[in-house]
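Number 1313 in this note's numbering belongs to position 109 of the sequence shown; there are no gaps in the numbering. Where is the CB? At the ideal position from N, CA and C, for every residue including glycine. Note that the coordinates shown come from a computational prediction; the quantities given were computed from them, not determined experimentally. In what follows, a single structure is set out as structure tokens and then discussed.
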Amino acid sequence: MADYVLIESRDPFEYSDTGYFYEVAADLSKAGNNVTFFLVQNGVLTARKGISNSAVDKLQKAAPNVKVLADEFSLRERAIIGGKLASGVASSDVDELVDLLAVSGVKAIWH
């Protein structure tokens, strides 16, 4: 079992290749790995509550053990605050991302 941190910075509504990255996270989790999926920049747009066909919702259904975090600064910059964050997504910050990446043996992938 390995630890993975996948960082998504792209808007899934603008880039069609983001779906593959979400699938990678689900596949890694299903294989028994610990997976954290960290949303930054425009990647947080899919973390809004009430989005139909949300990539985050699909990920959580396919692999409920994946921990989904969204960068607080990126959320604020896009007016996703308070109760506007989707269920199952936790607000985080870059400090926590650095802590996750500093764990010995963690594998990081940025998209």
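Work out the CA separation of residue j and residue i for me, nearest whole Å.
i	j	result
Ser1291	Phe1225	20 Å
Tyr1182	His1315	There is no way to answer for residue 1182, as the model of the chain reaches only from 1205 to 1315.
Lys1253	Val1310	30 Å
Asp1303	Ser1296	11 Å
Ser1308	Gly1223	28 Å
Val1298	Glu1227	24 Å
Asn1237	Ile1284	30 Å
Helix, strand or coil: which one does DSSP assign to residue i?
i	result
Lys1252	In the sequence under discussion, the amino acid at residue 1252 is Arg, which differs from the Lys named in the question. Strand, per DSSP.
Asp1215	coil
Asn1238	strand
Ser1278	helix
Asp1207	strand
Ala1306	coil
Ser1220	coil
Val1272	strand
Ala1294	strand
Would the beta-carbon of residue i fall within 8 Å of that of residue j?
i	j	result
Val1248	Asp1221	no
Val1209	Ala1312	yes
Ile1211	Val1239	no
Leu1322	Ala1251	Residue 1322 is absent from the model: the chain starts at 1205 and stops at 1315.
Phe1242	Leu1279	no
Ala1267	Ala1294	no
Asn1257	Ser1213	no
Quiz item: On the three-pair Cβ rule with 8 Å, is the region 1254-1273 touching the region 1231-1244?
Solution: Yes: the two stretches touch, three or more of their Cβ pairs being nearer than 8 Å.
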